[in-house]
Every structure is written in structure tokens, then in C-alpha cells.
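Structure record follows, encoded as C-alpha cells.
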Amino acid sequence: MTLIFDWREPSRPPADPPSATLPATPPPTGEDKRLEALERENAKLRRINQVLMDRVERSMDVQGGAFSLFQTAIVLEQKVRERTLELERALRELEDSHRALARAKELADTMRSRLSEAIESVNEGFAIFDADDRLVLCNSKYLALWPEIRDRILPGIRFQEIAELAASSRTIADAYPRPDRWLSERLAQHRALKGPYVYRLADGRWVQVNERRTRDGGVVGVYTDITDIKEHETRRRERELAEKSALLQATLDNIAQGVGVYDRDQRLVAWNERFTGLLRLPAKVAERGAGFADFVLHHAALGDHGLSLKALMMPSCLVEQPWLDDTVLEISRNPMPGGGFVLTFTDITERKRAEQALRDSEERIRLVTDAVPALIAYVDAEQRFRFVNKAYEGWFNRKREEIEGQPMWAALGDLYYEVRRSYVLRALAGEEVTFDLELPGENGAPRYAVATYIPHFGERRGGGKPEVLGYFGLIHDITERRMAAEALADAKDSLERRVVERTAELTRLNGQLQQEIAERIAAEEALRLAKAEAEQANLSKTRFLAAASHDLLQPLNAARLFVSALGDLEQPEPNRGLVDNIDVALASVEDLLSALLDISKLDAGAVRPEIADFPIKSLFGALATEYAAVAKERGLELCVVPSHAVVRSDIRLLRRILQNFLSNALRYTQAKRGAKGGAGRVLVGCRRTPEGLRIEVWDTGPGVPADKLDEIFQEFRRLDTPCANERVRGMGLGLAIVERVARMLDHPITVRSQPGRGSVFAVTVPFGRYARPVRALEAPVQTASNRLAGTRVLVIDNEPAVLAGMRALLEGWGCSVATAASGDEALAGLGAVAPDVLFADYHLDDGVIGFTEIARVRERCGADLPSVLITANRTAEVVEEAQARGCHVLNKPVRPAQLRAVMTGLLA
Numbered sequence: 001m002t003l004i005f006d007w008r009e010p011s012r013p014p015a016d017p018p019s020a021t022l023p024a025t026p027p028p029t030g031e032d033k034r035l036e037a038l039e040r041e042n043a044k045l046r047r048i049n050q051v052l053m054d055r056v057e058r059s060m061d062v063q064g065g066a067f068s069l070f071q072t073a074i075v076l077e078q079k080v081r082e083r084t085l086e087l088e089r090a091l092r093e094l095e096d097s098h099r100a101l102a103r104a105k106e107l108a109d110t111m112r113s114r115l116s117e118a119i120e121s122v123n124e125g126f127a128i129f130d131a132d133d134r135l136v137l138c139n140s141k142y143l144a145l146w147p148e149i150r151d152r153i154l155p156g157i158r159f160q161e162i163a164e165l166a167a168s169s170r171t172i173a174d175a176y177p178r179p180d181r182w183l184s185e186r187l188a189q190h191r192a193l194k195g196p197y198v199y200r201l202a203d204g205r206w207v208q209v210n211e212r213r214t215r216d217g218g219v220v221g222v223y224t225d226i227t228d229i230k231e232h233e234t235r236r237r238e239r240e241l242a243e244k245s246a247l248l249q250a251t252l253d254n255i256a257q258g259v260g261v262y263d264r265d266q267r268l269v270a271w272n273e274r275f276t277g278l279l280r281l282p283a284k285v286a287e288r289g290a291g292f293a294d295f296v297l298h299h300a301a302l303g304d305h306g307l308s309l310k311a312l313m314m315p316s317c318l319v320e321q322p323w324l325d326d327t328v329l330e331i332s333r334n335p336m337p338g339g340g341f342v343l344t345f346t347d348i349t350e351r352k353r354a355e356q357a358l359r360d361s362e363e364r365i366r367l368v369t370d371a372v373p374a375l376i377a378y379v380d381a382e383q384r385f386r387f388v389n390k391a392y393e394g395w396f397n398r399k400r401e402e403i404e405g406q407p408m409w410a411a412l413g414d415l416y417y418e419v420r421r422s423y424v425l426r427a428l429a430g431e432e433v434t435f436d437l438e439l440p441g442e443n444g445a446p447r448y449a450v451a452t453y454i455p456h457f458g459e460r461r462g463g464g465k466p467e468v469l470g471y472f473g474l475i476h477d478i479t480e481r482r483m484a485a486e487a488l489a490d491a492k493d494s495l496e497r498r499v500v501e502r503t504a505e506l507t508r509l510n511g512q513l514q515q516e517i518a519e520r521i522a523a524e525e526a527l528r529l530a531k532a533e534a535e536q537a538n539l540s541k542t543r544f545l546a547a548a549s550h551d552l553l554q555p556l557n558a559a560r561l562f563v564s565a566l567g568d569l570e571q572p573e574p575n576r577g578l579v580d581n582i583d584v585a586l587a588s589v590e591d592l593l594s595a596l597l598d599i600s601k602l603d604a605g606a607v608r609p610e611i612a613d614f615p616i617k618s619l620f621g622a623l624a625t626e627y628a629a630v631a632k633e634r635g636l637e638l639c640v641v642p643s644h645a646v647v648r649s650d651i652r653l654l655r656r657i658l659q660n661f662l663s664n665a666l667r668y669t670q671a672k673r674g675a676k677g678g679a680g681r682v683l684v685g686c687r688r689t690p691e692g693l694r695i696e697v698w699d700t701g702p703g704v705p706a707d708k709l710d711e712i713f714q715e716f717r718r719l720d721t722p723c724a725n726e727r728v729r730g731m732g733l734g735l736a737i738v739e740r741v742a743r744m745l746d747h748p749i750t751v752r753s754q755p756g757r758g759s760v761f762a763v764t765v766p767f768g769r770y771a772r773p774v775r776a777l778e779a780p781v782q783t784a785s786n787r788l789a790g791t792r793v794l795v796i797d798n799e800p801a802v803l804a805g806m807r808a809l810l811e812g813w814g815c816s817v818a819t820a821a822s823g824d825e826a827l828a829g830l831g832a833v834a835p836d837v838l839f840a841d842y843h844l845d846d847g848v849i850g851f852t853e854i855a856r857v858r859e860r861c862g863a864d865l866p867s868v869l870i871t872a873n874r875t876a877e878v879v880e881e882a883q884a885r886g887c888h889v890l891n892k893p894v895r896p897a898q899l900r901a902v903m904t905g906l907l908a
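Below is the structure:
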């Protein structure tokens, strides 16, 4: 029996040709894997059949028995049938799988074709990467982005390989000059998927990439060409930049500072004309694109005349530097956020001059206020001390640096602040207040003062009340005045008690005598005595004011010394005018105060005339010498006609009368009378009359109207006649003093005047019988400033302000000055070299007088030491004692010219 088997492999459906639109083969599915397993099983069965057939054929060849062959054939048939059945089942299953696979492949091909068509229709580049970051699918738009490497972009290539190819082929413009850095950033972006991201390609196009993660872990990327958008944005930015540049340049050209802008490459990109004009830069340094190094080298070549290289090289600075033509520049260098920096140069010359002027003004104000004995302070709206003078320092016993800036309650203490608190609030509310204070004094004795708070107003806001910025506080010590008032009150009480006692006495006398007439006489007598005592009390008050001249003239003397010292220094023209105005104001105060004191002394009877016979030429010689320089300065001709007559009068008081006549004549006489007139003249001469010697002072001044001749002798009455120098116009007290002195001496005064031609003032003095030796009047000595340089001067005064003023004035003349508050201090400070001149105040502390201290210093340095006594006491007793002790006398307030003349005369 022969068995024939068909071992041909079962037919398989032909595979579909690959699609031209699909650039990649899909991965094997589950059906494909099952088909491959069945094919392997079929191949295995075929091999088994082949082995069995080989065994049968060998057995037949070896044994050759029919039965064995039959038996073998039956067994073999059975096994073959089983295997065939199994193979048929496998083939049927394989056919079913092939049919399912064909349907799946057909569906997949359809979907793939549709997906490919859809992706290809998208305007943007599209690419899909699987979970292993391999390329699965992309469209032509994506490949068109990479023309240099599109042939190497195939399905299955990794994203990192595509990025490396793009970086190495210079396709990405942003990848250079650091492609490795760009590659690491791009891979990090691809992993993080925090897009979108924008890149610039080498051909000028701009691409925006948006990537998203798929559900199976892959990545879908959309690449959009945004070149048109970027170009539009670039043009818009360029327009905005051009507008900003024009605006910036217009701004730079309209500011007062010189400005230069350098970019991150230190190239000049913007500047204004002030930048080149202020720094005087050449064209190569101030042109667009000029390097900052050129700017630095330019100023390095100027050496000391260039800008500070240290300041220019600092990253950020704000310094001041002197510049050309005595100007000052403020140099500022500020970095910009995107790199680069801005140089700003500001001319602050005027600001520095203003600051210096303010400092000088403050120093002058402090100098003047420190010389004033009153306590002066300024307190701001927050009740903090902003300014105090030296007297305030002495009251606090602390430096002004420890007081200024402190609140009132901290500086004064709670107790003294509460006393002032209500007045402070009223002053800060805009009200000027004055109140009495009781201050702690030395040795526990109280000091009394009167305080005045004056508000300091600012500008009005909105038409309302002005803002109160603070207030000025002035505190005057009135202890002496209070004591005098208490003394007057005690005198009044005593007087009243005495009146009561006298009344009681008169009552008892009336009771005793029982006579009405006697009682009336006694009462009238008592009233007369009471009135006399009251008049005496009033006279005592006037005498007290006259005797207070020392305390009144002391601070004025210090102020005149300070102003004179300040005037000797070199000052700018505006400051020179201020100093001259202060000097004129102090001179006016000095004249007014002196006149008032003279009037008070004359009214109080404190001046007693010393009548004596003397030749008039001794008085004329001194007057001629004294007023010759004044007349020459004012361009006037002064003529003093000598006389040998002898008169009987008080030489000092008569000289005072003639001084007032001469001062008025020189003050109101013009240097030239009209266009054709001659020079102004003042004539002093005498006429013998039956009544006595009439001394006349003639002038060519404006004259006095006839109806005003009596008025000019009244206090504070001045006519509206033009003055040769308005700054030296009198106070209207000179002729009032003349009238009182003449009345006291019984010397008649006469006046004749013609308006427009001049005036004649005359005083008639009785003739004397003989001429006794009289006290010589010292003539002013002409100044010689070169004689005072190096002079050693010792000054003794108990007032620190006067000592400071004398030191400032004398040191300005080149003198070497030593000061002391007492004779003990002066003796302790004397060295091996004695002073050349000694100045001492008449009234010192503890009742010591200047004569005593002069004698002590002379005992140490020699009896011939030139000495000068400075005093406000103008009595003849002081002058006679000074002459007896060989001392010169200067009356307060001391005039610098007079002081200099006396020193020059002593040293000569």
C-alpha cells in the first residue's frame, strides 16, 4: 500500500505593496505574532514527518519483511493521520488569522492614509515621536524646515539625533556661537514640554514650536512659521525705538546737565550738546560709536586738568570735582539694566557758591548773635532747638551741639518745660507772646528774665493762614531792673509810711496845739516834703538810667569790634555791602545810645560843669586836627581861623557843642554847589562882642527854613534836607544835647540861615581874665597800619564777647593778642616777653577797677608800659585819675579808627 502525502505549504495571501504615502511600517500586532507562531509550528511538523519517513525507509531496507512493513505502515498511517488533522486545524486557524490580519491591515492602511493626508494638509510642520523618542510620522512642512538634513530624517530616528544634526549643520541661527549650549537647552525643553519655544533659522525664518505629550508617552510637535509676525513685530519695535530715540534725544537736548549714554560694548550711543560743550570734547570722542576708552584717554592726556579717572572707572559713583574756569562739576555714573551706563555732568558752581555764601552768612549771624548778651534761640514746629547763641550755651552750661536738635523737654527738663509749654503752644499757633521767667542763678540766687516768642510764618497755602514753621525765642535778663523796681517799691512804701507817720504826728500836734492854722501849716509842710521825696525818687531813677551806661554800651562795644574785624577781611562785593550796612547800623545805634545817655545824664544833673579860664586856640587846634580827615574824605574845605582869646567855660562841654555844630555842617554840606559853584566850605571863627566871644560855624549847606529854626533843637526832629551821605544822617539828638549843655553853661545859642546858601550856628562864651594851664586835648593820630604789625597787646576785660571782638580786630591788624578776664589771669599768662600795649576795662568783676590791674601789670612789666583804660564813665574824675596814673582813656563804644590812632601814637 502506497501512501502519497502533499507536503506543500498552505497558500498565504499575497502581501500588499507598501504605500508610497506612508513613510514608515507599523509595528507588529497580536495577530501577526500568532501567525508567526503557527508558521513555526508547521515547519516543526514538516521536519517531524520527514524524520519519520526516513526511519520507515531505512527499516524497509534493513528488515525487508512484509509484516513488519505493514505493521510499520499502519502505525505510521495512524500517526500521520493524527498529525495531519492537527496540521489541518492549524492551517484553518492560520487562514482565519490571515483573514483577520488582512482586514486589520486594510483598516490600518486606511487610517494611516487618512492620517497622512490630514497631517499633510496642515499648514504647520507636524511630527510624532513614540515613547522611545523615535520619529513615527512627519509631514513635508516639517522636513522643509531642515533643508540641509531632510534626507537624513527617516522614521525611527531619535529626536536627539535630529537636534544634533540641526545644530551641527548650522540650520539654527540661535545655536551659534555655542551649539552645545543650545542643544542642551533644546533637549531640556523637549523633556519639560513647557513651550511654546521660538527659534531663528539660518535662512532668516522664525519658527515657533508647541509640543504636547501623548497618552502612550510619545510627543507631538507642531512647528509654525512666524516669520511674517516677527518681521511685523520687528518693524513695530524699530518704529517705537526710533520714536523713543527721538524723544530721548529731545529730552537730552533740553536738560541742563551734560549726559552721555554708553551701551554694553562701551560705545557712545546718545549724548547732548551740553555733554560736549561742558567737557570741551573733540569730535572723535563725542561721535556715535566712539569708545569709552577714547573718553578716558582724552582726560588722561589732560593730566591734572582732566576729570578724575578713578571716578570715571567706578561702576557707580557720585562725586564732585573742580573744573575749568573755577567751576565745579558733579559727576554721576549709573549702570543700565541691560548693560552699559549713563554719565551725567552737572555744573554746580552756583550751588557751591550759594552754599559758601550761606555758610558765611550763618557764621556772621552767629558772630553777631554771640556778641549779644540776650539768650537767642530758634525752635521748629516739632519743638526742637535748631539754633542757640553763645549766651544760651552759658545758661545751659553745655555746648550748642548738645542742645541743637534736642526737643525742648529733653534740653530744659520736665519742670522748666512745663512752665513754658502753654506759651510755646500759643507761639506755634501764630501768636506773639511775652512772659516773665525765673531762672536758676549762681549760688542759688534766682535770676529774673523776660521772654518773647515770635512766630516764624511760611507761605500761605490755598489762600488760608500761613503755616507756622517755628518761633524765635529771646530772653533778656531783667534781674537788675527787677531789683531796681523792688527798690523803688520799697522806697514808695517807706515814703507812704513816713507820710502816715508825719500825718499822725501832725494830728497829734493838732490835738496838742488845737490851732487850726498850725495844723494846716504842718499838713502843708508834710505834703511839701512828700512831694520833694517823690521828686527825689524820680530823679534817682533817672540817675540810675544814666549810670547804667556801662552795661548798655558793653555789648554794643563788642559788636562794633566784631564788625570792624570782619570789615578788615577780604569779602565778596555783596558781603562787603552787608558788612558796611551792619557797621552803619551799629554806628547809628551807638550815636543814638550815646545821645540818649548824655541827655539822661544832663536831665538827671549827673554832669557837673568844671568852669575854668583857657585859651580858645587849645580847643580849635584839636577840632581842626580831628575833623580835617572827615572834611577831606567828603570833598569839603574846612577852615579854622585861629584866635588868642581867653574864655571862661567848661572845655569838655564847650567842645561837645562845637563838635555837634561841625558834625552837622560836614554832614549836610555838599562837596560841590551846583554845576558852576565852587567846592563846599565849612568855616570856624570867632567874633568879639560885648556879651563875650561868639564862636561861629559857617557852612554852604542847604540851609534851614526860618519856621524850622526852633524845631531843630527838639529831640528826634530832622528836616528833609538832602544829606551828602544818607548813610551818616544823624538821629536828631545832637542839637537837643547842645541846647541842654548851653542852658546848663548859660551860653546863648544863635542860628542864622538862608535856604540854598548856608547856615551859621554860634555860641557866645564869656571872656576869661587869665589863662591857667588846662588839660590838653589829645588830637587824633593819623593811622599807620604798618606800625602795628607784630605789636604784642594784652587785653583785660570781664566780658568774653569784648575779649573775642578785641582779639579779632587786633589780630586783623597783625598784632599778637593775649586776653584775660582779670588781673590774676593776666599775670599768670605773662611770659618772658612783656606786652607792648595794655588795654584794661574800668569795671571788672568783684568790684575791681582797671586802674588796680594796670598797676599790678606795670609792677611786673615796668612802670613805663603804655596803658589805655576803656570805660563808659565819661566823668572828669576818671579822666583826671587816668592822667595822674599816666594812662590814656577811650570811651565806649570804642571806634576802631580811634583805637588804631591811640595805639599808633603810643607806639610812636
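The sequence shown begins at 1 in the UniProt record's numbering and counts up one residue at a time. Where is the CB? At the ideal position from N, CA and C, for every residue including glycine.
Problem set entry | First and last residue of the uninterrupted beta strand (DSSP E) at residue 614 | 612-615
Exercise. So, do the segment 834-843 and the segment 859-874 have three or more beta carbon pairs nearer to each other than 8 Å?
Worked result: At 8 Å Cβ cutoff, the stretches touch.
Exercise. Which partner residues of residue 449 appear in the DSSP bridge assignment?
Worked result: 437, 477
Exercise. Given residue 661, which residues of its chain have a CB within under 7 Å of its CB, disregarding the five upstream and five downstream residues?
Worked result: 697, 761
Exercise. Counting pairs of beta carbons, one from the segment 477-494 and one from the segment 502-516, are three or more of them closer than 8 Å?
Worked result: no
Exercise. Which residue comes first and which comes last in the alpha helix (DSSP H) that contains residue 852?
Worked result: 850-861
For this session: Using beta-carbon positions only, say whether residue 530 and residue 499 come within less than 8 Å of one another.
Result: yes
Problem set entry | Beta-carbon spacing of residue 634, residue 671 below 8 Å | yes
For this session: Alpha carbon to alpha carbon, how far is residue 880 from residue 920? Give it in angstroms, no decimals.
Result: With the chain covering 1 to 908 only, the question about residue 920 has no answer from this structure.
Exercise. Starting from residue 196 and walking both ways along the alpha helix (DSSP H), at which residues does that stretch end?
Worked result: First-last for residue 196: undefined, no H or E at that position.
Exercise. Who are the Cβ neighbours of residue 306 in its own chain at under 6 Å, not counting the five residues just before and after it?
Worked result: If we look at residue 306 and ignore the five residues flanking it on each side, its Cβ neighbours are 299.
Problem set entry | Host alpha helix (DSSP H) of residue 222 (start-end) | Not the alpha helix (DSSP H): residue 222 falls in the beta strand (DSSP E), residues 219-225.
For this session: Leaving out five residues on either side along the sequence, give the residues of the same chain with a beta carbon under 7 Å from the beta carbon of residue 114.
Result: Closer than 7 Å at the Cβ level, and outside the excluded window around residue 114, lies no residue.
Problem set entry | Counted within 10 angstroms of its Cβ, other Cβ atoms place residue 176 as buried (16 or more) or exposed | exposed
For this session: Enumerate, from N- to C-terminal direction, the unbroken alpha helix (DSSP H) stretches of 4 or more residues contained entirely within the segment 253-290.
Result: 273-279
For this session: Enumerate in chain order the residues of its own chain whose CB-to-CB distance from residue 202 is below 8 Å, with the five nearest sequence positions on each side excluded.
Result: Closer than 8 Å at Cβ, skipping near neighbours: 170, 171, 172, 173.
For this session: Take every Cβ of the segment 195-210, pair it with every Cβ of the segment 226-237, and state whether three or more of those distances are shorter than 8 Å.
Result: Judged by pairs of C-beta atoms under 8 Å, the segment 195-210 touches the segment 226-237, as three or more such pairs exist.
Exercise. Is the beta carbon of residue 131 sitting closer than 8 Å to the one on residue 217?
Worked result: yes
Problem set entry | Residue range of the unbroken alpha helix (DSSP H) whose run includes residue 330 | No alpha helix (DSSP H) contains residue 330, which is instead part of the beta strand (DSSP E) from 327-335.
Exercise. What does residue 208 pair with, by DSSP beta-bridge criteria?
Worked result: 198, 224
For this session: Using three-state DSSP, classify residue 867 as helix, strand or coil.
Result: strand
For this session: For residue 744, decide whether its Cβ has a neighbour in chain C, counting only Cβ atoms nearer than 8 Å.
Result: Of the protein chains in the structure, only one exists, and it is not chain C.
Problem set entry | Identified DSSP bridge partners for residue 470 | 380, 456
For this session: List the whole-angstrom C-beta distance separating residue 860 from residue 830, where the pair is believed to meet the contact cut-off of C-beta under 8 Å.
Result: About 6 Å separates the beta carbon of residue 860 from that of residue 830, a gap short enough to meet the 8 Å contact definition.
Exercise. How would you write the range of the beta strand (DSSP E) that residue 753 sits in, first residue to last?
Worked result: 749-754
Problem set entry | Separation of residue 480 from residue 428, as counted between CA atoms | 31 Å
Exercise. So what does residue 321 bridge to, in DSSP terms?
Worked result: 329
Exercise. Quick one: is residue 190 buried, meaning 16 or more other Cβ sit within 10 Å of its Cβ, or exposed?
Worked result: buried
Exercise. Residue 686: buried (16+ other C-beta within 10 angstroms of its C-beta) or exposed?
Worked result: buried
For this session: Closer than 6 Å by C-beta to residue 88: which residues in its own chain qualify, once you throw out the five before and the five after it? Chain order, please.
Result: none
Exercise. How many Å lie between residue 897 and residue 890 at the Cα?
Worked result: 12 Å
For this session: Excluding the 5 residues preceding and the 5 following residue 162 in the sequence, name in chain order all residues of the same chain whose CB lies nearer than 7 Å to its CB.
Result: 153
Exercise. Taking the alpha-carbon positions, what's the residue 809 to residue 358 distance?
Worked result: 23 Å
Problem set entry | Length of the line joining the Cα atoms of residue 772 and residue 903 | Legend: pLDDT at residue 772 = 48, less than 50; position of this residue unreliable, value from coordinates given subsequently. Residue 772 and residue 903: Cα-Cα distance of roughly 30 Å.
For this session: Below 8 Å CB to CB, which residues in the same chain sit around residue 136 once its five sequence neighbours on both sides are set aside?
Result: 24, 128, 129, 130, 155, 218
Exercise. For residue 171, which three-state DSSP category applies?
Worked result: coil
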